[in-house]
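In my numbering, the protein residues as written are 14 to 219.
Virtual Cβ for every residue (Gly too), placed ideally from N, Cα, C.
Owing to the predicted nature of the structure, the values given are computational and were not obtained by experimental measurement.
What follows is a short report on a single structure.
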DNA sequence: TGCCAGGCCCTCTTTAGGGCCTT
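Shown next as structure tokens:
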């Protein structure tokens, strides 16, 4: 049984919202957690072979000048495919990062065996009283220390990992669950919000 | 030329529309 506190939490900065519209990854950041502790980190800029808009330069702080000298996607994604091998994957709004991961890996004919789950969908269920479920808001809502350097890949993956571990800790304590399996968090992503409490109580009793 | 995302989830719903999230 794979544990939900053992996984790779990843985050892409990209040139836009959709690889299907020609957008590319410009930075990847990730942390590997094993039994709740960060054991490895991965970070690299990625040369997207295109100019990024001034909006994206402002949003991320990543400039066209930096990207011009960045390593190729082929190089970075090959290393990243090795990094995630054997691990399940987590991202904040996973459907977004999964699309870019799949698109960039497809370019080098690589794939991965791990399963994806989403910290955003989990947070919408576990923290239903939060003002909203953006990463930065959740960091404040939970009371995690932050220097506010959001919108960079490694920082966002680090903060997503902290939010994820806080959620696991909270539901573990609240519903008397032990060593929460990854499969439980995947099911939680698809559980109706109104019945999530019953779902977790039953999971604790099982 | 002009357009430009997509999945989840709520509700004034299900023969639909719009807000939330990610860059």
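Excluding the 5 residues flanking it on each side, residue 213 has same chain C-beta neighbours closer than 8 Å at 184, 187, 188, 190 and 201, in chain order. Beta-carbon to beta-carbon, residue 91 and residue 121 are separated by about 6 Å, close enough to satisfy the 8 Å threshold. Out of 105, 42, 24 and 56, the CA that lies nearest to the CA of residue 148 is found in 105.
In the three-state reduction of the DSSP assignment, residue 42 falls in the strand class.
Excluding five sequence positions before and after residue 157, the CB atoms of its chain that fall closer than 6 Å to its own CB belong to 175, given in chain order. Looking at 61, 136, 51 and 47, the one whose alpha-carbon comes closest to that of residue 41 is 61.
Rounded to the nearest angstrom, the gap between the Cα atoms of residue 99 and residue 126 is 7 Å.
Pairwise C-beta distances place the segment 45-55 out of contact with the segment 71-85, as fewer than three of them are shorter than 8 Å. With 16 or more other Cβ atoms from the protein chains shown falling within 10 Å of its own Cβ, residue 93 counts as buried.
Between the segment 65-72 and the segment 19-30, the count of C-beta pairs closer than 8 Å reaches three or more; the two stretches touch. For the options 137, 118, 132 and 217, the alpha carbon positioned closest to that of residue 207 is the one of 137.
In the three-state DSSP reduction, residue 78 falls in the helix class (H, G or I). In terms of Cα proximity to residue 119, the closest of 179, 38, 205 and 204 is 38.
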